[in-house]
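Colleague: Numbering (the numbering used here), first residue to last: 7 to 290.
Glycine included, every Cβ here is placed at the ideal spot set by N, Cα and C.
Okay, here's the structure, questions in a sec.
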Amino acid sequence: MSEAEDRDESGWDVDPEDEQGAAAVAAVGRNLKVWREAAGLRVAEFAARMGYGEDLIRKIEAGTRIPRFEYLDKVDEVLSAGGRLAAMKKEVEQARYPKRVRDLAKLEARAVEISVYSIHAIHGLLQTAQYAQALFETRWPAYTTEAVERGVAARLARQEIFDRSPAPALTFVQEEVALRRRIGSADVMRGQLEHLLKVGQLRHVSIQVMPTERGGHAGMAGYAESLRFADGSGVGRDEDQAGGRPLTTPKHLRVLELRYGMIRAQALTPRESLAFIEQVLGET
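Now the structure itself:
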């Protein structure tokens, strides 16, 4: 496979069910084609200057392939657009991620408080890129390389919440098994545990560990997560209520909060939890 073909393979297809994203990518593709034709370049000549395959050029201009940021930078350079084409990153940024992830990110961006109880793996907001990749690679049926890469990128994009100002209150309770289950290599796990220790030092973040020796506890019914917004409304998901479907009524959210409060009370304190994570890191 040539270098150009290899770069083509790493692109992302547009999700035909994502109407908003597909429309944005199609508009960008049309603009790129107008600029290329205005420069008097045929697809073959343009592809040669770009260092990408002709097929990718056609797909992007047809709006069926999402251009990468580096592609837009290169187009801007080749066509001497003075930054106007590179600025189209804003139009394609959200289309890079699945709609359900974008919807979740929008909710998280509005939240003033996020509370999570996670069981089998480290929660997505706390994952390193290497851990997230290794986790996506465990999926079965197996994800394509493109799907893994897209999933990791979307997960990391959500973590911009940590840099938000004013910062939301973030509380996490992780089962001990998630700290000890090796996802990827030992180096990946060490990096993940070190990241937890770093994030756990942030003033608006609380990470607690539910040790296995606790036995039965309020989290045995499964995953739980709630998001609270500035207007007092909220949304949550609780595997013990409504089959895991989104919860928005005050009654359901109150039950979820009561359950989560008990989970936190039964877990190690934040200080004890960081010490516990340090211990697991020393054993990894």
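#1: If Pro252 and Arg243 are in contact, beta carbons under 8 Å, what's the gap, nearest whole angstrom?
#2: Just to confirm my understanding: we take Glu182, look at its own chain, exclude 5 residues before and 5 after, and list those with CB closer than 7 Å. What are they?
#3: Do you know whose CA, among Ser171, Gly222, Gly240 and Arg36, lies nearest Arg4's CA?
#4: I need the straight-line Cα distance from Arg36 to Phe168, nearest angstrom please.
#5: Please determine if the stretch 44-64 and the stretch 115-132 are in contact, where contact requires at least 3 C-beta pairs separated by less than 8 Å.
#6: Suppose contacts are defined by Cβ-Cβ distances below 7 Å. Is Ala101 in contact with Ile120 by that definition?
#7: Could you check the C-alpha separation between Asp79 and Ala28 for me, to the nearest Å?
#8: Starting from the C-beta of Ala30, find all residues in its chain whose C-beta is less than 8 Å away, skip the five residues before and the five after it, and write them out in chain order.
#9: Out of curiosity, what's the CA-to-CA distance linking Gln165 and Val84?
#10: Buried or exposed: Met195, going by 16 or more other Cβ atoms within 10 Å of its Cβ?
#11: Within its chain, find whatever has a CB closer than 7 Å to the CB of Ala45; leave out the 5 residues flanking it on each side and keep chain order.
#12: Taking all protein chains shown into account, do 16 or more other C-beta atoms lie within 10 angstroms of the C-beta of Glu289, making it buried, or fewer, making it exposed?
#13: Around the Cβ of Trp41, are there at least 16 other Cβ atoms within 10 angstroms (buried) or fewer (exposed)?
#14: According to DSSP, what are the bridge partners of Phe178?
#15: If the criterion is Cβ atoms closer than 7 Å, does the pair Ile189 and Tyr137 meet it?
#16: Run through DSSP, which three-state label would Ser171 get?
#17: Which whole-angstrom value is the C-beta distance of Lys24 and Thr70, which I expect to be below 8 Å?
#18: Which one or two residues does DSSP pair with Leu91 in a beta bridge?
#19: Spell out a yes or no on whether the stretch 135-155 and the stretch 219-232 are touching, meaning 3 or more CB-CB pairs, one atom from each, closer than 8 Å.
#20: Just list the beta strand (DSSP E) runs in the stretch 236-269, keeping only unbroken ones of 3 residues or longer that don't cross its boundaries, in chain order.
#21: Among the candidates Asp109, Leu110 and Phe75, whose CA atom is the shortest distance from the CA of Ala93?
Modeller: Answer, in terms of the structure:
#1: Beta-carbon to beta-carbon, Pro252 and Arg243 are separated by about 6 Å, close enough to satisfy the 8 Å threshold.
#2: Here the set comprises Val215, Met216, Pro217 and Thr218.
#3: The structure shown does not extend to residue 4, since the chain is modelled only from 7 through 290, so no value can be given for it.
#4: Distance between the alpha carbons of Arg36 and Phe168 is about 36 Å.
#5: No contact exists between the stretch 44-64 and the stretch 115-132.
#6: No, the pair does not count as a contact, with Cβ atoms beyond the cut-off.
#7: When rounded, the separation of the alpha-carbon atoms in Asp79 and Ala28 is 21 Å.
#8: Contacts found: Glu97, Val98, Gln100 and Ala101.
#9: Each residue's CA atom was taken as its position, placing Gln165 and Val84 some 33 Å apart.
#10: Classification for Met195: buried.
#11: Here Ala45 has Leu85 as same chain residues with Cβ atoms under 7 Å from its own Cβ, once five neighbours each way along the sequence are excluded.
#12: By the neighbour-count rule (16 or more Cβ atoms within 10 Å), Glu289 is not buried but exposed.
#13: Under this definition Trp41 is a buried residue.
#14: Note: Phe178 sits in a beta bridge opposite Val122 and Ile213.
#15: In this structure, Tyr137 lies closer than 7 Å to Ile189 by Cβ.
#16: Residue state, collapsed to three classes: coil.
#17: It should be pointed out that residue 24 corresponds to Asp in this sequence rather than to Lys. Actually they do not touch by this definition, with Cβ atoms about 12 Å apart.
#18: Under DSSP, Leu91 shares a beta bridge with no residue.
#19: Verdict: no, contact absent.
#20: The DSSP assignment places complete beta strand (DSSP E) segments of no fewer than 3 residues inside the stretch 236-269 at 240-244, in order along the chain.
#21: Among Asp109, Leu110 and Phe75, the Cα nearest to that of Ala93 belongs to Phe75.
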